[in-house]
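> With this note's numbering as the guide, the letters of the sequence shown map in order to residues 3 to 206.
Ideal Cβ positions, reconstructed from N, Cα and C, are used throughout, including at glycine.
In this text the structure is predicted, and so the values were computed from the model without any measurement.
My questions all concern the structure below.
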Amino acid sequence: MTRGRFITIEGIDGAGKSTQSMKLEELIASRGIRVRHTREPGGTPAGERVRELLLSSDMGPTAETLLFFASRAEHVEKLIRPALEAGEWVLSDRFTDATYAYQVGGKGFPGERVEELERWTLGDFAPDLTILFDIDPAIAAARLAARAGDKDRFERMGVDFFTRVREAYLTRARACPERFLIVDAAGSPEDVTAEIAAKVAPWL
Ligand code: Z5A
């Protein structure tokens, strides 16, 4: 049995990840490849409960970072690794790069603590491919402002916060070009879908 591939989708809020990851799932499935679409935080029953807690509470950075890794450990053990070993591909909206981008880059949590947690919970387990949706936070903010219920997300965190998160993602992508594909997420949905299809084609 050939092991499946693990693809992660990353980028700031409002970059268009959810919209495009569904298209990518369709593209992969259209090649006859079995694919599981999942997300972080979440992806398992326990992980989804942790997600509710994380997204509804204002907790300190240590508790928050530990909970992201608790959800991730469960996700890898119960869903991601078994699916890959069964030959399925796994497509996850966010994974460990998000912790480096949001907690370390955005909030200033110490990077070495995240490295320790990553080593402890994941060992050398990492995505085979990461698609980074790169976008100016002002454009992402305008998209979320147009979506009912999301009006205050950028106001709450601030555009400066999302600028730091974006920079942290780009720094990671530049340090690991063999794993990352950077997509210009500011275009129309059709343009972004086409760019992803072209860049992912060699993988399919
Ligand atoms: N988080 C963390 O801090 N640390 C971690 O380790 C992990 C996560 C794993 C998860 O929230 C939060 O957890 C997240 C990071 C943190 N946020 N914070 N703060 P989430 O999963 O609910 O949020 P999200 O991943 O950012 O989803 P999102 O806000 O929905 O953004 P998106 O998926 O990138 O965008 P979208 O839903 O596809 O599109 C947003 C809107 O724009 C929507 O109305 C679309 O119709 C529209 N759209 C999409 N594409 C386009 C284009 N191309 N043009 C115009 N309009 C578009």
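Taking the DSSP output, what are the residues bridged to T10?
For the purposes of this step, residue 10 is taken as residue 8 along the sequence shown, with counting starting at 1. For T10, which the question treats as bridged, DSSP gives the partners S94 and T132.
> Here's a check: name, in chain order, each residue in its chain whose Cβ is nearer than 6 angstroms to the Cβ of T165, leaving out the five neighbours to either side.
The sequence position of residue 165 within the sequence shown is 163, counting from 1. Answer for T165: P139, listed in chain order.
> Checking 7 angstroms against the spacing of the C-beta atoms, do T132 and E50 come in under that value?
Your numbering for residue 132 matches position 130 in the sequence shown. Your numbering for residue 50 matches position 48 in the sequence shown. Taking C-beta atoms as the reference points, T132 and E50 fail to come closer than 7 angstroms.
> Count the other C-beta atoms from every protein chain shown that fall within 10 angstroms of the C-beta of S190, then say buried if there are 16 or more, exposed otherwise.
The count along the sequence shown starts at 1 and reaches residue 190 at position 188. It is exposed - the Cβ of S190 has fewer than 16 other Cβ atoms within 10 Å.
> Use the C-beta contact count for T64: other C-beta atoms within 10 angstroms, 16 or more gives buried, fewer gives exposed.
Start at 1 with the first residue of the sequence shown, and residue 64 comes out as number 62. Sixteen is the threshold: since fewer than 16 other Cβ atoms of the shown chains lie within 10 Å of the Cβ of T64, the residue is exposed.
> Cβ of F21 within 6 angstroms of any heavy atom in the ligand Z5A?
For the purposes of this step, residue 21 is identified with residue 19 of the sequence shown, where counting begins at 1. Looking at the sequence shown, residue 21 is not Phe but Thr. At least one heavy atom of the ligand Z5A is nearer than 6 angstroms to the Cβ of T21, so yes.
> I'd like to know if the stretch 35 to 55 and the stretch 70 to 86 are in contact, where contact means that at least 3 CB-CB pairs between them fall below 8 angstroms.
yes
> Give me the DSSP bridge partner(s) of L183.
Position 181 of the sequence shown, counted from the start, is the residue given in the question as residue 183. The partner list for L183 (beta bridge, DSSP) reads I133.
> For R2, is the beta carbon positioned less than 6 angstroms from some heavy atom of the ligand Z5A?
The chain is shown from 3 up to 206; residue 2 falls before or after that span and cannot be answered.
> Have a look at I141 and V106 and give me their C-alpha separation to the nearest angstrom.
Translated into the one-based positions of the sequence shown, residue 141 becomes position 139. Translated into the one-based positions of the sequence shown, residue 106 becomes position 104. Rounded to whole angstroms, I141 to V106 spans 23 angstroms at the Cα level.
> What did DSSP end up calling R38 once you bin it into helix, strand or coil?
Position 36 of the sequence shown, counted from the first residue, corresponds to residue 38. The answer is strand: DSSP assigns R38 an E or B state.
> Nearest to M24 by alpha carbon, out of R38, G34 and G16?
Along the sequence shown, read from residue 1 onward, the residue named residue 24 stands at position 22. Of the candidates R38, G34 and G16, the one whose C-alpha sits nearest the C-alpha of M24 is R38.
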